[in-house]
Structure formats: structure tokens, C-alpha cells
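Engineer: Below you will find the structure I want to go over with you.
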Amino acid sequence: MNELILDLLGPFPLFFAPLFIWVALHFFVWFLYWQPIAMELGVSFWDRSASRRVLFRGIRGGSEALRSKVKTCRLAFMASHVGFFAFVFFMMGFEGFAYLFTLFLAAVVLSKPYDVEGGRA
């Protein structure tokens, strides 16, 4: 019976299981690291512009404690993105990886650091 189910599913578990695990880990990192930083910066948790600027380029100004939190958050998200791009490379090959990495790189290059009031500049 189990072989019949696996035959009916085909390659879907191979694709969706790692994707589901990656999304779950990404949300865990999102709530664990980004939420306290967003509260400290006074921005909405769902503010995509602020999160993109903080995650891709960091912050300008702010206290050393905030800088340390942002550095940890950026490293956690970097690890999450590396896992995603490894999955893309495995499933889609070099062409899919190159295409998505180009779009990701454009978002990184076009973003600017988030300016924080107070602290050292």
C-alpha cells in the first residue's frame, strides 16, 4: 500500500518536503530575530521596506546592543537564504539558481541602510 501511495505522489514529496521545512525555519528565524528588532526600531513587524533595508544593508546609527542584534539577525537570514539557494540549485539547476540569485542580488544592491536615531553614526 505504501508503494502505491509513493507511486501516486511521484516527485512531489522530494520537492515540497524540503520547501516546507525551509519555510518553517524561515518563519522561526523571522519571529525569533526580526520581531525584537522591529519593536526596538518602532516599525511594523510586516514592514517589508524596513526589513529589507535592515537585513540586506544593516543599520546606520543606533546602540551597540542594537547593532549586535542586527548582526545576529542578518547572519541567521543569510543562513536561511543559503539553504534556499542550495535547494533551488538542486531542484532547478544552475540556470534557475543564476536567475533567482540575480534578482536577489539586485534587491541587495538597490537597498540602502536603515537610519536609526541616536547612538554612534
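Residue numbers (numbering that gives the first Met the number 0): 0 to 120. Virtual Cβ for every residue (Gly too), placed ideally from N, Cα, C. On a predicted model such as this, the values are computed, not experimentally measured, just so you know.
1) Could you tell me which whole beta strand (DSSP E) segments of length 3 or greater appear in the segment 13-97?
2) Excluding the 5 residues flanking residue 113 on each side, which residues of the same chain have their C-beta closer than 8 Å to its C-beta?
3) Have a look at residue 82 and residue 33 and give me their C-alpha separation to the nearest angstrom.
4) Count the other CB atoms within 10 Å of the CB of residue 79; is the residue buried (16 or more) or exposed (fewer)?
5) Counting Cβ pairs closer than 8 Å, one from the segment 65-76 and one from the segment 19-35, do we hit at least three?
6) Please return the same chain residues whose Cβ sits closer than 6 Å to the Cβ of residue 110, not counting the five positions on each side in sequence.
7) Who are the near neighbours of residue 99 in its chain, counting only those whose CB is closer than 6 Å to its CB and skipping five residues on each side?
8) Go ahead and label residue 22 buried or exposed: buried means 16 or more other beta carbons lie within 10 angstroms of its beta carbon, across all protein chains shown.
9) At the level of alpha carbons, what is the spacing between residue 25 and residue 61?
10) Determine the direct distance from the alpha carbon of residue 27 to that of residue 75, and round the result to whole angstroms.
Structural biologist: By the coordinates alone:
1) 58-61
2) Start at 1 with the first residue of the sequence shown, and residue 113 comes out as number 114. Within the same chain, residue 113 has close Cβ partners 40, 49, 52, 53, 56, 57, 58, 59.
3) In the sequence shown, residue 82 corresponds to position 83, counting from 1. In the sequence shown, residue 33 corresponds to position 34, counting from 1. If I take the Cα positions, the gap works out to 18 Å.
4) The sequence position of residue 79 within the sequence shown is 80, counting from 1. By the neighbour-count rule (16 or more Cβ atoms within 10 Å), residue 79 is buried.
5) The way I'd put it, the segment 65-76 does touch the segment 19-35; three or more beta-carbon pairs between them come closer than 8 Å.
6) Start at 1 with the first residue of the sequence shown, and residue 110 comes out as number 111. Cβ contact annotation for residue 110 (same chain, cutoff 6 Å, sequence separation greater than five): 51, 52, 55, 56, in chain order.
7) Translated into the one-based positions of the sequence shown, residue 99 becomes position 100. The beta carbon of residue 99 sits closer than 6 Å to those of 87, all from its chain and outside the five residues before and after it, given in chain order.
8) Translated into positions along the sequence shown, residue 22 becomes position 23. It is exposed - the Cβ of residue 22 has fewer than 16 other Cβ atoms within 10 Å.
9) Along the sequence shown, one-based indexing puts residue 25 at 26. Along the sequence shown, one-based indexing puts residue 61 at 62. If I take the Cα positions, the gap works out to 26 Å.
10) Along the sequence shown, read from residue 1 onward, the residue named residue 75 stands at position 76. Along the sequence shown, read from residue 1 onward, the residue named residue 27 stands at position 28. Between the alpha carbons of residue 75 and residue 27 lies a distance of about 10 Å.
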